[in-house]
Amino acid sequence: MKLVACPVALHPDGAPRRLAIATHPQPALVHADIAPDARPENTAAQALYAIGGLETRAALLLGTSDDIIAGERWHFALCRTVPPVRAQWQNAGPDGTLQRFGWLALDGPLPDGLTAPHSRAIDWIKAAL
């Protein structure tokens, strides 16, 4: 089974609950494969920085789900980001692709173009929080 780490990076001001999410080229959650013997929360924090450009002060494992993508176990880690944070930003990921990011209100509608697995992951996050 493939192991995946997904950082749950909430906006540091706390209200309303907003989650860091890629907005372009396609709306998506940051996530990364977990290397053998790596801790999921460490992988989540590293992915959040490498892909999303947000530094994590602390990471705590929230839980896991086997219901996001068949054959994958997703590990969700709450990542406390280092302020200040912008309303929108961009970052070049490890592969050099420039992505735009912003904050998704967890109590609002999901963005158009979000894939089914990422929608299921956001539903899992909402239920866990």
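-19 is the number of the first residue of the sequence shown in the working numbering; add one for each residue after it. Note that the Cβ used here is the ideal one computed from N, Cα and C, for glycine as well.
Comparing alpha-carbon positions, which option in the options lies nearest residue i?
i, options, result
"Ala27", "Arg66, Val65, Met(-19), Phe56", "Phe56"
"Asp13", "Gln6, Ala24, Pro7, Gly93", "Ala24"
"Pro(-8)", "Ala72, Ala30, Arg66, Asp92", "Arg66"
"Gly32", "Asp75, Pro20, Pro89, Ile105", "Asp75"
"Gly73", "Val(-12), Ala(-11), Arg(-2), Pro5", "Pro5"
"Pro(-13)", "Pro89, Asn71, Ala30", "Ala30"
In its own chain, which residues sit with a C-beta less than 6 Å from the C-beta of residue i, not counting the 5 before and 5 after it?
i, result
"Gly82", "Thr3, Gln68"
"Arg53", "Met(-19), Leu(-17), Thr44, Asp46"
"Ile48", "Trp54, Pro97, Arg100, Ala101"
"Pro91", "Pro7"
CB-CB under 7 Å to residue i, same chain, minus the five flanking residues each way: which ones, in chain order?
i, result
"Ala108", "Leu42, Gly43, Phe56"
"Leu(-4)", "Correcting the residue type first, residue -4 is Pro in the shown sequence and not Leu. Excluding positions up to five away in sequence, the list reads Ala85, Asp87."
"Leu113", "In the structure displayed, the chain extends from -19 to 109; residue 113 sits before or after that span and is not available."
Please check the pair residue i and residue j, which I expect to be a contact at CB under 8 Å, by giving their CB distance rounded to whole angstroms.
i, j, result
"Thr77", "Thr61", "Going by Cβ atoms, the distance from Thr77 to Thr61 rounds to 21 Å, so no, they are not a contact pair."
"Ala101", "Leu9", "6 Å"
"Leu34", "Ala0", "6 Å"
So, with DSSP's three-state summary, where would you put residue i?
i, result
"Gln26", "helix"
"Asp103", "helix"
"Pro91", "coil"
"Glu35", "coil"
"Ala108", "helix"
"Pro63", "coil"
"Ala15", "coil"
"Ala(-11)", "strand"
"Ala96", "helix"
Hey, does residue i have any beta-carbon neighbour from chain C nearer than 8 Å?
i, result
"Tyr29", "Structure shown: chain C not included; a single protein chain is present."
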